[in-house]
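Chemist: Using the working numbering, read the sequence shown as starting at 18 and increasing by one per residue. By construction, the Cβ of each residue, glycine as well, lies at the ideal position given by its N, Cα and C atoms. On a predicted model such as this, the values are computed, not experimentally measured, just so you know.
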Amino acid sequence: MAATPGRRPGAEGGHAMRIGLRGTVAGIVTLVVILVSGAAAVAAPPGSGAAVPGTAWWIDPVTARIVVAADDTVTGAALARLTGAVDRLGGRLVREPGVRTRRIAGGDVVFGNAGFRCTIGFNARQALNVYFLTAAHCVGDIGTPVFADPNGLVPIGVVAAKDETHDYALVRYTDAAIPKPSAVNLYNGTLQPITAVSGGSVGQAVQRSGPVTGVRSGRITALNVTVYFAGGMVTNLIRTTVCAEPGDSGGPLFSGATGIGMTVGGSGNCTAGGVTYFSQVTRAMSQYGVTVY
Numbered sequence: 018m019a020a021t022p023g024r025r026p027g028a029e030g031g032h033a034m035r036i037g038l039r040g041t042v043a044g045i046v047t048l049v050v051i052l053v054s055g056a057a058a059v060a061a062p063p064g065s066g067a068a069v070p071g072t073a074w075w076i077d078p079v080t081a082r083i084v085v086a087a088d089d090t091v092t093g094a095a096l097a098r099l100t101g102a103v104d105r106l107g108g109r110l111v112r113e114p115g116v117r118t119r120r121i122a123g124g125d126v127v128f129g130n131a132g133f134r135c136t137i138g139f140n141a142r143q144a145l146n147v148y149f150l151t152a153a154h155c156v157g158d159i160g161t162p163v164f165a166d167p168n169g170l171v172p173i174g175v176v177a178a179k180d181e182t183h184d185y186a187l188v189r190y191t192d193a194a195i196p197k198p199s200a201v202n203l204y205n206g207t208l209q210p211i212t213a214v215s216g217g218s219v220g221q222a223v224q225r226s227g228p229v230t231g232v233r234s235g236r237i238t239a240l241n242v243t244v245y246f247a248g249g250m251v252t253n254l255i256r257t258t259v260c261a262e263p264g265d266s267g268g269p270l271f272s273g274a275t276g277i278g279m280t281v282g283g284s285g286n287c288t289a290g291g292v293t294y295f296s297q298v299t300r301a302m303s304q305y306g307v308t309v310y
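1. Give me whichever residues DSSP pairs with T252 in a beta bridge.
2. Tell me the DSSP secondary structure of G306 in three-state form.
3. Which of the three DSSP states is assigned to G132 in this structure?
4. Once the 5 residues before and after R189 are set aside, which same chain residues still bring their CB inside 7 Å of it?
5. For P210, which residues of its own chain have a beta-carbon under 6 Å away from its beta-carbon, when the five flanking residues on both sides are left out?
6. Which stretch, first to last residue, makes up the alpha helix (DSSP H) that contains R189?
7. Count the other CB atoms within 10 Å of the CB of R112; is the residue buried (16 or more) or exposed (fewer)?
8. Do you know how far the Cα of T100 is from the Cα of G227?
9. Please report the residue range of the beta strand (DSSP E) in which H233 lies.
10. Identify, in the order they occur along the chain, each residue of the same chain with its Cβ nearer than 7 Å to the Cβ of A43, setting aside the five sequence neighbours on each side.
11. Please determine, among R109, V214, S218, the residue with the shortest C-alpha to C-alpha distance to R300.
12. Count the other CB atoms within 10 Å of the CB of I195; is the residue buried (16 or more) or exposed (fewer)?
13. Where does A301 sit, in a helix, a strand or coil, going by DSSP?
14. Using 8 Å for Cβ pairs, my map puts G267 next to T280. What's the rounded Cβ distance?
15. Where G278 and V103 are concerned, what is the direct C-alpha to C-alpha distance, given to the nearest angstrom?
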């Protein structure tokens, strides 16, 4: 269910969705996804300990089993509870080296919330208005400005909408003089035109672009992933082997001329490698009624 600005999914308290999982002995194990009134929360059965910062979880489409990933902050009793819960579900626990964070830092390119540097994802259009998509955690409240400089002297847009549950935001350009191609900067003097969007598929080869680390490549490893960052939970994400670093937040994930997602966060870096999660551009564009052009 898509969120509207200012409203978090899960307002229908007590709604539950059951997902069938294949167990090693019992045959079917049920994971219950509970939407708690007033906030979006995801939990395995009571006592599982799955809603722990530094974790992520999804359903493996091949085995139909739950997969839970834990970063280096999950240790001791929390790791033991998590391991026990995954074992009871007949699932699989994987470790992600490093600490999972949202990719945000001070710098240049586009500046939003508290002067943090982020990256434009995709340009989009609705009638005569031109917008760009980026990460929700990069920008302030609806109606606040976004700048081209760290000192907040050159405004380029205004936040039109944001969805913190899926971590994307829509910013309306206010500077008519800025060229706004429907393209991705490849940081080699060329642009990659973006003419379509898709939700991606597991195993698909993808690229990410950003001013901090340039263009990086990898593959999609999971879809519809829920990630528990230190600052809260984000749902319906795309998990990849593409690396990213602070300042890359909001930046585009794409495959050729097709846009797929916007950078949310991850663990590791582009020296040692890492895991990065992306929000879905198809969901964002559908929610806000915008398109590539």
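Modeler: Here's the rundown:
1. Within the sequence shown, numbered from 1, the residue matching residue 252 stands at position 235. Beta-bridge pairing links T252 to no other residue.
2. Position 289 of the sequence shown, counted from the start, is the residue given in the question as residue 306. Residue state, collapsed to three classes: coil.
3. Taking the first residue of the sequence shown as 1, we reach residue 132 at position 115. DSSP places G132 in helix when its eight states are reduced to three.
4. Position 172 of the sequence shown holds residue 189. Taken in chain order, the residues that qualify are N146, Y148, G174, V175, A177.
5. In the sequence shown, residue 210 corresponds to position 193, counting from 1. Sequence-distant partners of P210 (beyond 5 residues in either direction) whose C-beta falls short of 6 Å from its own C-beta, in its chain, are A200, A274.
6. Here the question's residue 189 lines up with position 172 in the sequence shown. Here R189 belongs to no alpha helix (DSSP H); instead the beta strand (DSSP E) covers 185–190.
7. In the sequence shown, the residue the question calls residue 112 occupies position 95. It counts as exposed.
8. Indexing the sequence shown from 1 puts residue 227 at position 210. Indexing the sequence shown from 1 puts residue 100 at position 83. Using only the alpha carbons, I get a separation of about 36 Å.
9. Position 216 of the sequence shown, counting from 1, holds the residue named residue 233. Residue identity check: residue 233 is Arg in the sequence provided, not His. Run containing R233: 231–246, per the beta strand (DSSP E) assignment.
10. By 1-based counting over the sequence shown, the position of residue 43 is 26. For A43, the pLDDT reaches just 32, beneath the cut-off of 50, and the residue's location in the model is therefore unreliable, leaving the point undetermined.
11. The sequence position of residue 300 within the sequence shown is 283, counting from 1. The residue with the shortest Cα to Cα distance from R300 is V214.
12. Along the sequence shown, read from residue 1 onward, the residue named residue 195 stands at position 178. Sixteen is the threshold: since fewer than 16 other Cβ atoms of the shown chains lie within 10 Å of the Cβ of I195, the residue is exposed.
13. One-based indexing of the sequence shown puts residue 301 at position 284. Note: A301 maps to helix in three-state DSSP.
14. For the purposes of this step, residue 267 is identified with residue 250 of the sequence shown, where counting begins at 1. For the purposes of this step, residue 280 is identified with residue 263 of the sequence shown, where counting begins at 1. The Cβ separation is near 6 Å, so the contact holds.
15. Counting from one through the sequence shown, the residue named residue 278 turns up at place 261. Counting from one through the sequence shown, the residue named residue 103 turns up at place 86. G278 and V103: Cα-Cα distance of roughly 29 Å.
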